[in-house]
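Under my numbering, the first residue of the sequence shown carries the number 1, and numbering increases by one thereafter. We treat Cβ as the ideally placed atom computed from N, Cα and C, and that holds for glycine. Let me begin by presenting the structure, written as structure tokens, before commenting on it.
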Amino acid sequence: MIELKTSGEMDAIAAAGVVVARTLAALRGHARPDRRLSELDELAAGLVRDAGAKPTFLGYHPRFAPTPYPAVICASRNDVVVHGIPGRERLRAGDLLSIDLAVHVDGWCADSAISFVVGGDDHAAADDLALIDATERALQAGIDAACPGKRLGDIGAAVAAIARGAGFGMVADHGGHGVGRSMHEAPHVPNEGRPGYGLRLRPGLVFAIEPMLTASGLDEYRYDPDGWTLRTADGSRAAHVEHTIGITEDGPRILTAS
Ligand code: MF3
Ligand code: CO
């Protein structure tokens, strides 16, 4: 079942979204060479708690995973596409890092992710910056397509046109999702689609759009033995960005903006 949200409910989701956006911005500032990923997770835990929010990922146990998720953030580095568990390893200049975070505030959830190069763009490989840039443009194109009267297939088509057009791959079987009281609701929001096909977009729909692009152009992936960490099958780098958006009469509203 797909639930439509009132504009007041979208405001409530946006209140959670502000906490997500501010926390991600702070984490980006702290993600410097020699930092441990686990330190970023501890920082996130404190920021989320101090904001009066609840970390959604911690203890989350979807059907596909063997164990409940053990951290507040996902920290996905280099060939890790999504769902990297922040461990004791230290960041290095030039790492391509994606940080994903969802929180609940007053029972409503918001979910977002950013990708960037550790140590700043001076330390970045040109290929990594191009990959991140295409991933961000793909997300923006998807958001721009999220207008009343369009269809879900228009969003996927817009995302894929940017990603494939730039020669990058997209991780198969993964995409965005409805967001509301739960982090994962209907509908599934594929990163590929056929223009004019699929669910008609109506005011009140709230969902996350999350392109996951691979540098090599291959779509295959594999899981680590932990059952969570999802890597590109060929070891090439990946980037992931995400916003939770709401459809309004006037078009898309980004609910995870600071
Ligand atoms: N944004 C990701 C997703 O929608 C994060 C989920 S991490 C999990 O799949 F731990 F909560 F599963
Ligand atoms: Co998500």
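Between Ala-141 and Ala-158 a beta carbon distance of about 4 Å is seen, short of the 8 Å cut, so the two are scored as contacting. When the alpha-carbon of Val-19 is set against those of Trp-228, Met-170, His-104 and Glu-192, the nearest one is in His-104. Remark: the C-beta of Glu-210 is in contact range of the ligand CO, defined as less than 6 Å to any heavy atom. Membership of Gly-156 in the alpha helix (DSSP H) is indicated by the continuous run 152-165.
Pairing Ala-113 with Val-206 gives a Cβ-Cβ distance that is not under 7 Å.
Ala-16 sits in a helix when the DSSP states are folded into three classes. Residue state for Gly-29 is assigned as helix, using DSSP reduced to three classes. The segment 236-252 and the segment 48-55 do not touch, with fewer than three beta-carbon pairs separated by less than 8 Å. Fewer than three Cβ pairs drawn from the segment 28-48 and the segment 163-182 lie within less than 8 Å of each other, which leaves the two stretches out of contact.
When secondary structure is reduced to three states using DSSP, Asp-144 falls in the helix class. Per DSSP, Asp-41 lies in no beta strand (DSSP E) segment; the continuous alpha helix (DSSP H) that holds it begins and ends at 37-50.
Between Pro-33 and Arg-77, the C-beta gap is not smaller than 7 Å, which leaves the two residues out of contact. DSSP, reduced to helix, strand and coil, places Leu-97 within a strand of the structure shown. Here the alpha carbons of Gly-204 and Ser-7 stand approximately 7 Å from one another. Contact between Arg-164 and Tyr-197 fails: their C-beta atoms lie close to 18 Å from each other, not under 8 Å. Beta-bridge analysis with DSSP links Ser-112 to Leu-101. Around the beta carbon of Met-170, 16 or more other beta carbons lie within 10 angstroms, which makes this residue buried. Residue pairing of Leu-213 in beta bridges, as defined by DSSP: Met-170 and Ala-239. When the beta-carbon positions are compared, Pro-86 and Ala-71 come within less than 7 Å of each other. Of the other Cβ atoms in all chains shown, fewer than 16 fall within 10 Å of the Cβ of Phe-64; this residue is therefore exposed.
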